[in-house]
Every structure is written in structure tokens, then in C-alpha cells.
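Everything on this sheet refers to the single structure shown next.
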Amino acid sequence: MDLKYKDKDGGVVLAFNGRWVSWSHTVVAYTAFISALIIGISLHYHKIVENEFYRYPDEWFPSVSATIGDRYPERSFFMIFIAITSGPRFALVGLWYLLTRKPGTKVPGFVATMGILRTLTCGGWTYITSTDDHDWHDILMISYIVATLPWTTGCIALSPSNPTAIKYRKYLASAFFGTLVPLIYFFIQHKVHRVAGAYTIYAFFEWALILFDVGFDAVTALDFNTFEIVIRDVQGSSKRDHYSVESALLEKEKQQATAGVFALRFTWTEALDTAADIYHGFVFWSMLTSLGLLVWYFPLWHMGISGYEAFVMSTISPFLLCISPIRSLVVNNLRIVHLLSLSGVGAYLVVDPVYRLFTVGFAVAMSCLGWVGSLSSESIHEARFESKVLGLLVGLILSATAKFAWTTNNPIWPVMHAANGGWNGTGLALGLVAALRFTRRAPLSSSSAPDMLPGSVVLSAFGVGGLFFALHSLLSDTSTMILWVWEGFPVRGPYFSTHGWFTLAAMSIGVFIGIARPNLAGSWLTFGVGSLGALFLTIYSHWAGYYGGLALTIYIMAAAVPLLSSASRKSPAATFGLGFLIYNFMVLFHVWVVAYAFVPGGPLVREHTDWVMLTMMLLVGAGVLNYNNSKPRHTAPRHGYPSQHRQYNMVSTLIINILFLCAAFMRFPTNDYKPYHGEDRVLTAGIWTIHFSLDNDMWSSEYRMRDLIKELELDVVGLLESDLQRIIMGNRDTTQFLAEDLGMYVDYGPGPNKHTWGAALLSKFPIIESKHHLLPSPVGELAPAIHATLDVYGELVDVFVFHSGQEEDPEDRRLQSEYLANLMGSTPRPAILLSYLVTVPLEGNYNTYVSTTSGMHDVDPSDWDRWCEYILFKRLKRVGYARVSRSTITDTELQVAKFVVPQSDSEFHHVETLSAEERNRRAEESEVPAGWRFPAMFRGNGVRDHRYHVFDEPRYYN
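Under this note's numbering, residue 958 is the last one in the sequence shown; the count climbs by one each step, no gaps.
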């Protein structure tokens, strides 16, 4: 539409410079926040600095949300000015689009869309406070932060040739995103660790975010100087008429600041290809990581070698490529092979565990065969090969993200279905589309591309074996390395739900280092850094160990690119067939260090995770040696910006990281952790051997466990056989789901590098301190124990969770009983033992656990029908005891006891001086208060095959 102006220069009635749009936006936005802060401090200072844990003087500066959120009149001042801000804000976004648009690119339109989305979501989270609707406030806040990233980077990429504006944008964007790190840290210190004053420091960083965010948009005043309202471009900047050497240098600087992402020429073809590659890589890792879990089910339930362990060898299918007719058949029919690999995603439809394993074993064989065939045939074309490698590695990042979002279960695993949170049907449908898209191009070579590069096939295979083992054992779940360095409360290192993104970010950085600088990634210098990281991860705990793990993560992901490139240009049957055979050996090796009692020669590698790590790095080092021997002596350096497929993968990885952060925000602990019967000072405790969270029918059992724990109203529960952070258990952690869903604190117990089958503690009461113990085990398996001190209604109560050694090793069990008796006797506080003792009531080691040394009493000495699970206590009033059938969840019942915590010294003295007869005097249910009673729903036939059994009803004591 033509506009008419009424003056001598063209009919302008009112003219003002475009920079005033920026200035008006800046002034009104700052006024909205600062006016609310001044009025809030003046009228309600003590109220707005108070939070859920502390008040003035521990906290002395208000957060943004407390200032603008709930109180009159500051909330009204803020809302009025923020509403006025919307006009200049929309105008600012529109002017920016007009300034930066140019033919042939859709990026300015995308950035403007993000600007509008930010404006709308900003209005959402400011007008819907957390008091009004906490969920929608959080959703809109997350959406605002997510949209800020493409808006900020897009503005930098599209900046006109103005050095000052570009400089300020880079500084303010760096300050904004850099502030997020301490912001999150101090919020965790406040919310999780309840550190006094942490929220005040958090508030300063929160206000800094506001200043940087508005300041970033204020820089547009330097660019809008070229505009006159309404709108005439008086300098021609929006048409890009002036181009100079300085402009070219600034364009290059902008591209470097945004990693070249906004130089992307968007096409649906390449976008869909990238999505298909990544999702198909996700399916590969989903199938590979599920195989060990399914195999483990059979020796677990047979209590010994079952024969089904042979399916571990499904991965060596690339050996078939050494047969020329099979090689040609596979490479010329890759679409069929990849489609057959999806049978593993559909395996959830196979109910029988044996046939489900058969299906997944076949799928893994086809998946390995198809991927190796694709990598080999594409290796002669750099861009297509890189796309496949990126699909495989970014697919691992997507798999780790999905597992984080599903609290360490993969939603398309064959142990998942609709009843326990699985998305198998959706995953299969997407997998079919992705596989068809993944294989839409004919292979470039029908041969195996043998010996295209010099070097050793054997060394290359060693590298492949070590690489896949490292990726699978350490990086398939973001919490694995965090639990390696976990040592209990107080928290002195990373935490799985709040720091898991650090692992994912390190994985993302590593991938693109490998793509951009393969020679650096494959060098001995970086191998040394990676080895040092592995050493720190192995020998240190807390942050020191985790920092080593992050260094190792970056290295492994980076080294994957040159090692896979080198291996793909040799005989695939030799490099990948032998490589996966070595990988299988490493998988067994890292199981034998714990399961040495069940395998021939197992004691030779007992408790030697350090040997596993050393062997893994030596194998990777063999691959590095081959790479350096086989690469050309002189390679031309790469120039220019990243090619299109790299940029698409960069954007995809960025999106996956954002999705991870959104999942982390949703998983952030927000429960109030209240016990079920606080008014009666009752502590309900349970002990349960959960058999690695696989039920009798080979389904993941977290949901069913959660339901029973919730319905029995357990405040404290010990879980045994709970360490699932190994390949054969799927690198899972059931305690994360249970703790977050039930609102409980959790101590994972001795980590996966401590060579036990696991002991964990969940508690509604704060865990003040916890220590992990490995009890004497000269012959048999290591016996784990947790000694935790809880704050129970203002009293410190010690809880011990313990799994004794197996029946075949009586000397181990004797030594363990003495160790634990002394440990329990060392505390003068009230105490509870939740345990698996492997002893007959009133006989043998029982009399060491229940003794004057330990000071502990049996929850019910008349219960003769026990062999494994026992609950002991001291200095507490035991008021109830029950045994609840397991249904098909595990192989062991859930035992539960109720205790009342004394309130005074006289009450403590009374329970201590009770005789055995007085302590064990029975009472009828009608004689005890309602808050002491067990739920009636488990009487008779119970629910879902959970019922009170052995006694057919709970026992009460008074």
C-alpha cells in the first residue's frame, strides 16, 4: 500500500527517528520492573524478601517474582507499565524484520516470529503469576527462555554492518546466558540444600537477567537510527546497498558468533533427512541398550547361567559381510535391512519373554548389519558419510535425553508399554517413516570398500570395540557418571536431576569438535586429555571425579568421528565384526567385576572397574594409533562455514539440548516431602528387594512399585538389588522415578563403580547425613550398606539399609554381621535396620545382629517364617508390623513396620527400659489410634494381588 505524505519532501506529517522506538521500549520496560521494586521495598520489604524457608535478615533482597507477583500496589504498577511496553515491543520486532529482510532467506521471518513469541509469552508469565497458576506460569516462563535463544543468536547473525551494535549484542548475550549458570546454582542451593541467603544471591542474578535482556533489545537503537517513522529508509541499510571489506569482516564475525547456523538455507528435504538420520540413530541406540536388559532377565530368574546369554552376540552380525554374496545382498537392500531392525521397537507386542528376546536379538543383528552397511557404502562421499555418523552420534544424544525425560527408562524399550509409561506405538510409527527416509538414496558403493585407507584392520577393530563400550556404558544415560561419584549426603558433587545436562552438553560439544577438527580429535594430545579424565572419574568422587567424566565425555564423542571414519574405509566385516566382538567382551568384563561368583574365572577380575577403564582406554588408543597411521600425511585445511548438513545437525542438537533443559525444569524437585501421619509422629518403614526393577513378565516395574509404596503410606523404605547403572540393567535408576513421584529424598547408596548389587534409601524425612559402607567379603559378593541420619519430627534417627552376602559364603556373612552390629552399636540415637540378612530367626548370625553390641531389637521375634528380610530397631516405640505379598513385581515380599518417635527424654527412657515381654506385647487393632493402623485395602484378597499374608493381617503392639 502506498502512503502519502504532506510536506515538501514527500508529505510527511509526523517524522521521528526509529531509535525512539527502542528507547521507549527500554525506558518503559525498566520502569515497570524498577517501579515495582522501589514500591515493594518501601511498603512490603519484610514480606517480599521472605521465602518458604527463611526470612529477614537471612534473606534481604527480593526476587523478581516476589516483587512483581502478588502484592498491591507494586503488582499494579508493574502490570500497567509492562502493558504499555507491548506497543513499542511489537514495533521493535516489526522494524527489525524490515531492517534485516532480504530475498532468498527465511531467517529474518523466523527471528521475527521468535520475537513475537517472546512478547506473547512474556505477557503470559507476567500476568499469570505462580500464585495464580503455577503450571502455566512455569510453562510460559520456559517458553520465553527457549524463544530467547534463537531471538538473541538470530539478532547477532542478522545485525547490519555496525561494529558497535554487534559488540554490544555479543557482550549482553554472553552476560545473559552466562548468568543462567549461577542463577540455577543458587536456586538449587536454596530449593534443594536450603542454604540461608542463597535466595538473595539468586535474586541478584535474576534481576541481572532482566537488565541484560532489556539491554540487549536496547541495542537496536543503534540500528534503527537508519529509519524514519513512518517508515522511510534514509540510508539504505535495509536494502544492503552498501557493502565493503569492513562489512565482509563483520559478516564473518557474526557467523562465527552464531556457529554459522543462521547462514543456513532452509529446505524441507534436508531438514527431513536430518531428522530421519537422528531418529534412526536413536532407534539403533534404543535397541542396543535394551538387549542387555532383556538378556539379564533370564540369569536373574534362573539364578544362574540360562543359555540365553548367547544373544549378547547379536551385535557381531557384521561378520556376515565377509561373505561376498551376503555383502552385496545387504548393501543393495539396505532399506529392507533397516526396516527389519524396527522389529525390536515392535517387540513390546510379544508377550512371552523368550520370544521377545528372540525378536530384539534379531533386531539388533539387523540394526548393526544395516548401520555398518550404510557407513561403509557412504564412506566414499564425505558429506553423506558425515550425515550418517552425525545421525548415529546425535541419535545417542537424543536417546540420553529421552531417558532423562522418562527418568532413565527409554520410552520405546521392549520392557515398556502403555501401562508403565511406554510410547512404543508412537516410536514404531516414527521409526518406519525415519527408516524409509534414511534409506531413500541408493548406496554409493556395493562393495565393502576394503583397504581404502592404509593401516591395521585389527587396531581399527580394537578402537571400534572400545568406542562403542565407552559410549554405551558411560554415556547412554546422563546420570551414570554422576552416580559414579556419588557419596551420599550432604550433597558435595553433581546431582542427577539438576546436573545431568552438563553431561549432555559435553556430548554435544564433543560431536562437533570431532566433525570440525577430526585430526585434533584423533590426536595423541586429546587422547591424553581423555585418559586423564578417565583416571579422575575412576579414582575421585564428587566434583573432581565428575569433571574428569566431562573431559572423558567430550573426548569420546569427538574421537568417535575419526575412529568411525577410519573403520568404515576398511573391510566392515573385520573392523565392525571384530569390533563388536571386542565390545561384547567388554560388556561381559564389566559385569564380571560384580558377578564374579557366577562365572568361570570371575574372581580374577573381582572389583576391578579400574581394569575395565584401563582396557577401554587402551582399546580406544589402538584406534587412535590406527587413525594416525592411516590418515594422509598432508591434508588441506578446511575453510569456510560449516556445510549444510552440519548446520542442520547443529540446530537439531541445540533443539535436543533445549528439550533436555525443559525436562530438567519439569523434573526439578518441588515436593513438600511431608510424612503420611505427622500428627501422630509415626514413621512407617519398609524393606523390599526389588530384583532390579524387572517383574516376572519382563516389564519395567517402577509404576507398580510406586503404587504399592504410596498405598502402604511408607515414609522410609530401603530398596535392595537396586543398582541398575550397568549395561545389563539398561543404565537405569529406579530410585529417581520413585523419589520424584512420591516426594521423597533419595540416597542411591554405593555407586556402580563400587561393585555391589545396590542398596538405596528413600525418605519423606530430610537426610541430614549418609555414609556408604562395603562390608567384609573375602570370598563372596560385596555387601553394601547405607548409614543415614534423618531428621524425624525434630529428632535425629539413624537408618541402616543393608544387603548381606549370599548363602554359599558363611564366613563372609559372619564377618558382615559383626561389622554391622558394631556399626549399629556405635550410634546412641534411635535407629532402624532395613535389611536382607540370610539367616534363620533366633539362630546363628541373627544373635549378632540382635545383641547387646548392636542394641537392636527384632521387630517381631515370633515371626518364624523369615530367611532374608528383617527389620530391627532401638529407642523407638514399635507399634505395628506387616508382611505384604509382592504380586508379580519381584521375588520378595515387602515388609513394613510402624514406629512412633518419642517426644521427650522420659519417653525415650521408657522405651529403652521396656522388658522383652513388655516390648512385644500384642494389641488388637481397635486398641491403637487410627494413625497407627495399616491400610485396610490389603486385607483379605487385597488389591492387584497385594495382600497381608503369613499372619493374614497386620500385627500391633502396645
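Positions of the beta carbon are idealized from the N, C-alpha and C atoms, including for glycine.
When the Cα atoms are used, what is the spatial distance from P637 to L532?
Position 637 of the sequence shown, counted from the start, is the residue given in the question as residue 637. Position 532 of the sequence shown, counted from the start, is the residue given in the question as residue 532. With a pLDDT of 43 at P637, under the threshold of 50, the modelled position of this residue cannot be trusted; read the value that follows with caution. Roughly 29 Å between the two C-alpha positions.
Excluding the 5 residues flanking N51 on each side, which residues of the same chain have their C-beta closer than 7 Å to its C-beta?
If you number the sequence shown from 1, residue 51 lands on position 51. If we look at N51 and ignore the five residues flanking it on each side, its Cβ neighbours are E59, Y199.
Under the assumption that L552 contacts V901 (Cβ atoms under 8 Å), give the Cβ distance between them as a whole number of angstroms.
Translated into the one-based positions of the sequence shown, residue 552 becomes position 552. Translated into the one-based positions of the sequence shown, residue 901 becomes position 901. Going by Cβ atoms, the distance from L552 to V901 rounds to 45 Å, so no, they are not a contact pair.
Find out if the Cβ-Cβ distance for the pair K771, G488 is shorter than 9 Å.
Counting from 1 along the sequence shown, the entry for residue 771 is found at position 771. Counting from 1 along the sequence shown, the entry for residue 488 is found at position 488. Yes.
Assuming R878 and E893 are in contact, meaning their beta carbons sit under 8 Å apart, how far apart are those beta carbons, in whole angstroms?
Your numbering for residue 878 matches position 878 in the sequence shown. Your numbering for residue 893 matches position 893 in the sequence shown. 19 Å between Cβ atoms; not a contact.
Any contact between the segment 452-469 and the segment 614-622? By contact I mean 3 or more CB pairs, one from each, below 8 Å.
yes
Just to confirm before moving on: does the CB-CB distance between L339 and L459 stay below 9 Å?
As a position in the sequence shown, residue 339 is number 339, starting the count at 1. As a position in the sequence shown, residue 459 is number 459, starting the count at 1. Not closer than 9 Å, so no.
Using only the alpha-carbon positions, how far apart do G346 and N424 sit?
Position 346 of the sequence shown holds residue 346. Position 424 of the sequence shown holds residue 424. It is roughly 7 Å from the alpha-carbon of G346 to the alpha-carbon of N424.
Is it buried or exposed for S42, if we count other Cβ within 10 angstroms and need 16 for buried?
Taking the first residue of the sequence shown as 1, we reach residue 42 at position 42. Its Cβ having fewer than 16 others within 10 Å, S42 is exposed.
Compute the Euclidean distance between the alpha carbons of E74 and G40, then round it to the nearest angstrom.
In the sequence shown, counting from the first residue as 1, residue 74 sits at position 74. In the sequence shown, counting from the first residue as 1, residue 40 sits at position 40. Rounded to the nearest angstrom, the two C-alpha atoms are 6 Å apart.
Short check: CB of T269 to CB of R335, under 9 Å?
Here the question's residue 269 lines up with position 269 in the sequence shown. Here the question's residue 335 lines up with position 335 in the sequence shown. No; because the gap between Cβ atoms is not below 9 Å, this pair is not in contact.
Could you compute how far the alpha carbon of G548 sits from the alpha carbon of T913?
Sequence index remark: in the sequence shown, residue 548 carries index 548 (1-based). Sequence index remark: in the sequence shown, residue 913 carries index 913 (1-based). In a straight line, the C-alpha of G548 is about 52 Å away from that of T913.
Taking 8 Å as the cut-off, does the segment 532-545 touch the segment 479-487 (at least 3 CB pairs, one atom from each stretch)?
Touching, yes, given that three or more Cβ pairs across the two stretches are closer than 8 Å.
Under the three-state reduction of DSSP, which class applies to W688: helix, strand or coil?
Within the sequence shown, the letter at position 688 stands for residue 688. If DSSP states are grouped into helix, strand and coil, W688 belongs with the strands.
Does the distance from the C-beta atom of F512 to that of R646 stay below 9 Å?
Against the sequence shown, residue 512 aligns to sequence position 512. Against the sequence shown, residue 646 aligns to sequence position 646. Contact: yes.
Measuring only the C-alpha atoms, how far is T113 from I145?
Here the question's residue 113 lines up with position 113 in the sequence shown. Here the question's residue 145 lines up with position 145 in the sequence shown. In a straight line, the C-alpha of T113 is about 14 Å away from that of I145.
Check whether the Cβ atoms of P494 and Y555 sit closer than 9 Å, and answer yes or no.
Position 494 of the sequence shown, counting from 1, holds the residue named residue 494. Position 555 of the sequence shown, counting from 1, holds the residue named residue 555. No; because the gap between Cβ atoms is not below 9 Å, this pair is not in contact.
How many Å lie between F358 and F311 at the Cα?
Numbered from 1 along the sequence shown, position 358 holds the residue referred to as residue 358. Numbered from 1 along the sequence shown, position 311 holds the residue referred to as residue 311. Using only the alpha carbons, I get a separation of about 8 Å.
Consult DSSP for T789 and reduce its assignment to one of helix, strand or coil.
Along the sequence shown, one-based indexing puts residue 789 at 789. Strand.
Can you tell me which of the three DSSP states F951 falls into?
By one-based count along the sequence shown, residue 951 stands at place 951. Three-state result, F951: coil.
Going by CA-CA distance only, name the one from F212, W301, E907 that's closest to T152.
Indexing the sequence shown from 1 puts residue 152 at position 152. When only C-alpha atoms are compared, the closest one is F212.
Please work out which residues of its chain come closer than 6 Å, Cβ to Cβ, to N629, disregarding the five sequence neighbours upstream and downstream, and give them in chain order.
Position 629 of the sequence shown, counted from the start, is the residue given in the question as residue 629. Here the set comprises G455.
Rounded to whole angstroms, what's the CA-CA distance from V372 to E378? Just pull it up for me.
The residue given as residue 372 occupies position 372 in the sequence shown. The residue given as residue 378 occupies position 378 in the sequence shown. Distance between the alpha carbons of V372 and E378: 10 Å.
Helix, strand or coil for G678? Go by DSSP, reduced to three states.
Position 678 of the sequence shown, counted from the start, is the residue given in the question as residue 678. Of the three classes helix, strand and coil, the one that applies to G678 here is helix, per DSSP.
If you compare alpha carbons, which of M650, D863, L712, F204 is closest to A505?
Locating residue 505 in the sequence shown gives position 505, counting from the first residue. For the residues M650, D863, L712, F204, the minimum Cα distance to A505 belongs to M650.
Pull up the distance between the alpha-carbon of H639 and that of T408, whole angstroms please.
Your numbering for residue 639 matches position 639 in the sequence shown. Your numbering for residue 408 matches position 408 in the sequence shown. With a pLDDT of 42 at H639, under the threshold of 50, the modelled position of that residue is not reliable, and the figure given next carries that caveat. Whole-angstrom Cα-Cα distance: 41 Å.
What would DSSP say about F358, mapped onto helix, strand or coil?
Here residue 358 corresponds to residue number 358 of the sequence shown, with the count starting at 1. F358: helix per DSSP, three-state reduction.
Starting from G391, trace the alpha helix (DSSP H) both ways and give me its first and last residue.
One-based indexing of the sequence shown puts residue 391 at position 391. It spans 382-405 - the alpha helix (DSSP H) in which G391 sits, taken as one unbroken run.
Three-state secondary structure (DSSP) at D798?
Taking the sequence shown and counting its residues from 1, one reaches residue 798 at position 798. Correct three-state label for D798: strand.
In the DSSP assignment, the beta strand (DSSP E) including Q725 goes from what residue to what residue?
For the purposes of this step, residue 725 is identified with residue 725 of the sequence shown, where counting begins at 1. Unbroken run through Q725: none, as it is neither H nor E.
Looking at the strands, I want to know which residues DSSP matches up with H964.
Residue 964 is absent from the model: the chain starts at 1 and stops at 958.
In whole angstroms, give me the CA-to-CA distance for G749 and P784.
Translated into the one-based positions of the sequence shown, residue 749 becomes position 749. Translated into the one-based positions of the sequence shown, residue 784 becomes position 784. Those two C-alpha atoms are separated by around 8 Å.
Report the rounded CA-to-CA distance for I316 versus L837, giving the unit in angstroms.
Along the sequence shown, one-based indexing puts residue 316 at 316. Along the sequence shown, one-based indexing puts residue 837 at 837. Each residue's alpha carbon lies about 42 Å from the other.
So what does G545 bridge to, in DSSP terms?
Reading the sequence shown from its first residue, position 545 is the one you call residue 545. Looking at the DSSP assignment, G545 forms no beta bridge with any residue, so it has no partner.
What residue does the alpha helix (DSSP H) around D223 start on, and which one ends it?
Locating residue 223 in the sequence shown gives position 223, where the first residue counts as 1. Unbroken alpha helix (DSSP H) run through D223: 220-223.
DSSP state of V943, grouped into three classes?
As a working note, residue 943 is residue 943 in the sequence shown. Here V943 sits in strand by DSSP.
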